[in-house]
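Visitor: No gaps in the numbering here: position 153 of the sequence shown is 154 in the working numbering, and each next residue is one more.
If you scroll down you'll find the structure; I have some questions about it.
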Amino acid sequence: MRNFTPRCVLRRFARVATRSEFLIYGANTDVGKTVVSAALCHFAATLGRPVTYVKPVQTGEDTDAAALKRHVPEGQLKTVTLFHYPSPESPASAAEKAGMKPPEDTEFRAAVVQTLARARQDSTEGISVVETAGGPLSPGPNHTFQADIYAPLGLPCVLVGDPKLGGISSTICAYEALKARNQPPHVILFLDLGDFAHSNAVAVRRALHGHGATVLALPGALPPPQEPLTAWLATKEVAEAMKEVMPEDRTVESYLTIDQQHLWHPYTSMVQPTRVWPVRSAQGCRLHLEDGRRLVDGMASWWCAIHGYNVPELNAAATRQLAQMSHVMFGGLTHRPATQLAELLVKAAPEGLTKVFLCDSGSVSVEVAIKMSLQYWAMKGQPSKTRLATVQCGYHGDTFGAMAVCDPIRGMHSLFQGTLAKQLFAEPPVLCADWSGKAPENDGFSSMEDLLRTHHTSLAAVIIEPVVQGAGGVRIYHPDYLRKLRRLCDELDVLLIFDEIATGFGRTGKLFAAEWAQVVPDIMCIGKALTGGYCTLGATLATQKVGHGVSGDGTQPLMHGPTFMGNPLACSIAAASIQLLLSSPWESRVKKIEEQLRRELSPLVAYPEVKDVRALGAIGVVELHAPPKEPQKLQAAFVEQGVWLRPFGQTIYTMPPFVISDDELGEICAAIRKVLDSGIQLAD
């Protein structure tokens, strides 16, 4: 398969100019949702764009869809009513009165998603307008608030304000209800339906100043109900307002042009950049692409988005902190978010890790750990202990100290071997994903023992990823290896560093992977899931022995101080993420994920291309006999199946958010099977 050059990527998306979808809410009943829907549909039609009007639930004999057809040119408008109950009252009551079983929320959402998907298939340049029934907190057919039904869809919202007496309060309440569910409207429109329309708009605009919502009052009274809206819809004022609702989007092609001319993606050549998929938004466990597709995210954004996306608790933490301060230097100052986070980390981490260094990222936390271990021995009067030991197939980051302890042969940094510090490498632990029986006799530890006994006088520390080697092949090994390593390090006076950047915060089924072995390292590195995937932050935790040892007689500081060390915004989000994790049933969720991964992936071991299948916690791996011949084609095949996976080397793996549903995880497992069934050439 040819490389995806910029030109062929652009051709792929050239047809996806703009597929706009809008969700229309009302602050109350009878505020003009259907009129605004008609205005938006009419405006799009005048631009020559096909329009699909969707009324998910309709009550009463007459339908809003029929009303819209009076105002929008027939050739440009398609209307869909999904659930219709003849009694003019709330959907739940109307369904009951009609003796009809209302749809479950998942069924209701699926019907909306399928309708929008069909509209996208019909035209990539049209728009879809979805009109709700009542206000955000009005009940849907199954008694669930409408805002809760629609929130997972992640559609852009328009709120029609209440122009009547008392409408200021109802409009702001509706706005706050939507904002609390991560779907704040970008435009609030008031129609001239009463004496207070203009003043209500002014008051709401003032109240929501700085919140990012445009507040408009459409001038000019509407015609009487018995007259068509055609002339009113065609006015300049309505058209200008609709431009605010539906601004002229830049095409996906233009975004990709900028991306491929200027942006350097991870592990990518600037001469032959690999294919990228533009993401518009994310919600729950799904990524919403610019072309309208929604992918189940099996990667949790490189293993960090453990709560999924657009998490209300984390959004609230970020919003609260932004209102106070987003950053202040940590040199000579401190703040509550940092102290709160430190307290949470000390309580959550293996007992004894009481000193917390807050840094920029996982890689930097490894750099700090290495610095700590070297300075520890220098302050102890043993400056000859300057080397590090580790195992092959390991990965600890892309900064220089971290690169030096990554696998020098199979890793990604062989180009830099001539400039990296020369560290010592033992053979990797032997794979062992089944811990139900006795620990294996041959676990690979003899290689590490020989190395440490030979070089311990020059060794400052051993660094290792506990239980799971991540980017080195998602290799799972027995915890007994770590118990032996802890005893040997104690015997030979060598510090032990656990790199828990990938495994920390529940990924393996324990809060930290060290718990599987019931040992405590001298230093522990964390990152990735620390902020729930919201922003970059790392931390290096150390025992009191190390903390005091690094400081010598108390006059020697640790010479490391990133500009954004202890960033209040990141600390506040991290504290909220840890609290959310610990208050959730994360252990049972992760166990359930593991059981489903084992059940649905294990049969793939019979495939001729597959070497091994393994799972631990929220980690599932299908290892191939050899790296795929066309990795980009393999990646694209998963997107076509509706899931986001990023295979590397000879592994197809998933580390999904902990909140993933059974059905979503089933989609990931089924996609792996279908791609293997499809006959993609995986090797020469």
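Think of the CB as a built atom: it goes at the ideal place given N, C-alpha and C, for glycine as much as any other residue.
1. Which stretch, first to last residue, makes up the beta strand (DSSP E) that contains Leu425?
2. Throw me the rounded Cβ distance for the Phe23 and Pro137 pair, which I believe falls under 8 angstroms.
3. Give the single residue among Gly667, Glu668, Asp678 and Pro658 whose Cα lies nearest to the Cα of Gln284.
4. Applying the criterion that 16 or more other CB atoms from any shown protein chain within 10 Å of the CB defines a buried residue, is Gly550 buried or exposed?
5. Mapping DSSP to helix, strand and coil, what is Leu375?
6. According to DSSP, simplified to helix, strand and coil, what is Ala285?
7. May I ask you to report which of helix, strand or coil DSSP gives His626?
8. Measure from the alpha carbon of Leu460 to the alpha carbon of each residue in Ala67, Asn443 and Lys423, then state which is nearest.
9. Near Ala39, which residues of its chain fall below 8 angstroms by C-beta distance, leaving aside the five closest residues on each side in sequence?
10. For Glu428, tell me which candidate among Gly402, Gln470 and Asp399 has the shortest Cα-Cα distance.
11. Cα separation between Cys670 and Ala503?
12. Determine, using beta carbons only, whether Ser573 and Pro338 come nearer to each other than 8 angstroms.
13. Which residues in the same chain as Phe401 place their Cβ atom closer than 7 angstroms to its Cβ, once the five residues preceding and following it in sequence are excluded?
14. Does the distance from the CB of Ala518 to the CB of Pro441 come in under 8 angstroms?
15. Once the 5 residues before and after Ala46 are set aside, which same chain residues still bring their CB inside 7 angstroms of it?
16. So the alpha helix (DSSP H) Phe197 belongs to, where does it begin and stop?
17. Closer than 8 angstroms is the cut-off here; do at least three beta carbon pairs connect the segment 519-536 with the segment 351-359?
18. Got a sec? Which residues, its chain only, sit under 8 angstroms from Thr269 by beta carbon, not counting five neighbours each side?
19. From the DSSP output, in three-state form, read off Tyr268 for me.
20. May I have the straight-line CA-CA distance separating Gly127 from Asn143, to the nearest angstrom?
21. Please classify Asp500: does DSSP put it in a helix, a strand, or coil?
22. Just the Cα atoms here: how many angstroms apart are Val297 and Glu368?
23. I need the straight-line Cα distance from Glu245 to Cys433, nearest angstrom please.
24. Is it buried or exposed, Arg12, if we count other Cβ atoms within 10 angstroms and call 16 or more buried?
25. Given this structure, state the Cα-to-Cα distance separating Leu602 from Gly510, to the nearest angstrom.
26. On the criterion of 16 or more Cβ atoms from any shown chain inside 10 Å, does Lys612 qualify as buried, or is it exposed?
27. Using DSSP's beta-bridge definition, name the partner residues of Val521.
28. For Val475 versus Tyr654, is the C-beta spacing smaller than 8 angstroms?
29. If you compare alpha carbons, which of Gly548, Gly438 and Ala349 is closest to Glu516?
30. Helix, strand or coil for Phe14, going by three-state DSSP, please let me know.
31. Look at the alpha carbon of Phe191 and the alpha carbon of Leu179, and state the distance between them as a whole number of angstroms.
32. Note down the Cα distance separating Thr30 from Ala96, rounded to an integer number of angstroms.
33. Mapping the DSSP letters down to three states, classify Arg321 as helix, strand or coil.
34. Quick one, which of Met449, His457, Gln262 and Pro220 has its alpha-carbon nearest Gln383's?
35. Between Leu460 and the ligand ADP, is the CB less than 7 angstroms from at least one heavy atom?
36. Closer than 8 angstroms by C-beta to Pro87: which residues in its own chain qualify, once you throw out the five before and the five after it? Chain order, please.
Guide: To lay it out plainly:
1. Within the sequence shown, the letter at position 424 stands for residue 425. That run of the beta strand (DSSP E) goes Leu425 to Ala427.
2. Locating residue 23 in the sequence shown gives position 22, where the first residue counts as 1. Locating residue 137 in the sequence shown gives position 136, where the first residue counts as 1. Their Cβ separation, rounded to whole angstroms, is 15 angstroms, which puts Phe23 and Pro137 out of contact at 8 angstroms.
3. Here the question's residue 284 lines up with position 283 in the sequence shown. Comparing Cα-Cα distances from Gln284 to each of Gly667, Glu668, Asp678 and Pro658, the minimum goes to Pro658.
4. If you number the sequence shown from 1, residue 550 lands on position 549. Its Cβ being crowded by 16 or more others within 10 Å, Gly550 is buried.
5. In the sequence shown, counting from the first residue as 1, residue 375 sits at position 374. Three-state result, Leu375: helix.
6. Position 284 of the sequence shown, counted from the first residue, corresponds to residue 285. The question names Ala, yet the displayed sequence has Gly at residue 285. Assigned with DSSP and collapsed to three states, Gly285 falls in strand.
7. Counting from one through the sequence shown, the residue named residue 626 turns up at place 625. In this structure, His626 counts as coil in the three-state DSSP scheme.
8. If you number the sequence shown from 1, residue 460 lands on position 459. Each of Ala67, Asn443 and Lys423 was checked against the Cα of Leu460, and the nearest Cα belongs to Lys423.
9. In the sequence shown, counting from the first residue as 1, residue 39 sits at position 38. Contacts found: Ala68, Leu69, His72, Val73, Leu230 and Leu234.
10. Here residue 428 is taken as the residue at index 427 of the sequence shown, counted from 1. The candidate whose alpha carbon is nearest that of Glu428 is Gln470.
11. Here residue 670 refers to the residue found at position 669 of the sequence shown. Here residue 503 refers to the residue found at position 502 of the sequence shown. Counting only the Cα atoms, Ala503 lies some 21 angstroms from Cys670.
12. Numbered from 1 along the sequence shown, position 572 holds the residue referred to as residue 573. Numbered from 1 along the sequence shown, position 337 holds the residue referred to as residue 338. Yes, they are a contact pair.
13. Mapped onto the sequence shown, residue 401 falls at position 400. Contacts found: Leu421.
14. The count along the sequence shown starts at 1 and reaches residue 518 at position 517. The count along the sequence shown starts at 1 and reaches residue 441 at position 440. No, these two residues do not count as a Cβ contact at 8 angstroms.
15. On the sequence shown, position 45 is the one that residue 46 refers to. If we look at Ala46 and ignore the five residues flanking it on each side, its Cβ neighbours are Val52, Val73, Pro74, Gln77 and Leu78.
16. Position 196 of the sequence shown, counted from the start, is the residue given in the question as residue 197. Here Phe197 belongs to no alpha helix (DSSP H), and DSSP marks it neither H nor E.
17. Of all C-beta pairs linking the segment 519-536 to the segment 351-359, three or more are shorter than 8 angstroms, placing the two stretches in contact.
18. Here residue 269 corresponds to residue number 268 of the sequence shown, with the count starting at 1. Result list for Thr269: Thr275, in chain order.
19. The count along the sequence shown starts at 1 and reaches residue 268 at position 267. Of the three classes helix, strand and coil, the one that applies to Tyr268 here is coil, per DSSP.
20. One-based indexing of the sequence shown puts residue 127 at position 126. One-based indexing of the sequence shown puts residue 143 at position 142. Each residue's alpha carbon lies about 31 angstroms from the other.
21. The sequence position of residue 500 within the sequence shown is 499, counting from 1. Residue state for Asp500 is assigned as strand, using DSSP reduced to three classes.
22. Here residue 297 refers to the residue found at position 296 when the sequence shown is read from its first residue. Here residue 368 refers to the residue found at position 367 when the sequence shown is read from its first residue. Roughly 34 angstroms between the two C-alpha positions.
23. Here residue 245 is taken as the residue at index 244 of the sequence shown, counted from 1. Here residue 433 is taken as the residue at index 432 of the sequence shown, counted from 1. Between Glu245 and Cys433, the alpha-carbon positions lie close to 58 angstroms from each other.
24. To locate residue 12, count along the sequence shown from 1; it is residue 11. Model confidence at Arg12 stands at a pLDDT of 36, short of 50, so the residue's coordinates are unreliable and nothing is read from them.
25. As a working note, residue 602 is residue 601 in the sequence shown. As a working note, residue 510 is residue 509 in the sequence shown. Near 18 angstroms, if we compare the C-alpha coordinates of Gly510 and Leu602.
26. The residue given as residue 612 occupies position 611 in the sequence shown. Per the 10 Å Cβ criterion, exposed.
27. Here residue 521 refers to the residue found at position 520 when the sequence shown is read from its first residue. Residue pairing by DSSP leaves Val521 without any beta bridge partner.
28. As a position in the sequence shown, residue 475 is number 474, starting the count at 1. As a position in the sequence shown, residue 654 is number 653, starting the count at 1. Contact: yes.
29. Against the sequence shown, residue 516 aligns to sequence position 515. Looking at the Cα atoms, Ala349 is the closest of the given residues.
30. For the purposes of this step, residue 14 is identified with residue 13 of the sequence shown, where counting begins at 1. The predicted position of Phe14 is uncertain, since its pLDDT is 34 and thus under 50; no value can be drawn from it.
31. Position 190 of the sequence shown holds residue 191. Position 178 of the sequence shown holds residue 179. Taking the straight line joining both Cα atoms gives about 17 angstroms.
32. Numbered from 1 along the sequence shown, position 29 holds the residue referred to as residue 30. Numbered from 1 along the sequence shown, position 95 holds the residue referred to as residue 96. So the alpha carbons of these two residues sit roughly 19 angstroms apart.
33. As a position in the sequence shown, residue 321 is number 320, starting the count at 1. The DSSP-derived three-state label of Arg321 is helix.
34. Mapped onto the sequence shown, residue 383 falls at position 382. Checked all of Met449, His457, Gln262 and Pro220; the closest Cα to Gln383 is His457.
35. As far as ligands go, the structure on display features none, and thus does not contain the ligand ADP.
36. Sequence index remark: in the sequence shown, residue 87 carries index 86 (1-based). Closer than 8 angstroms at the Cβ level, and outside the excluded window around Pro87, lie Thr60, Gly61, Glu62, Ala95 and Ala99.
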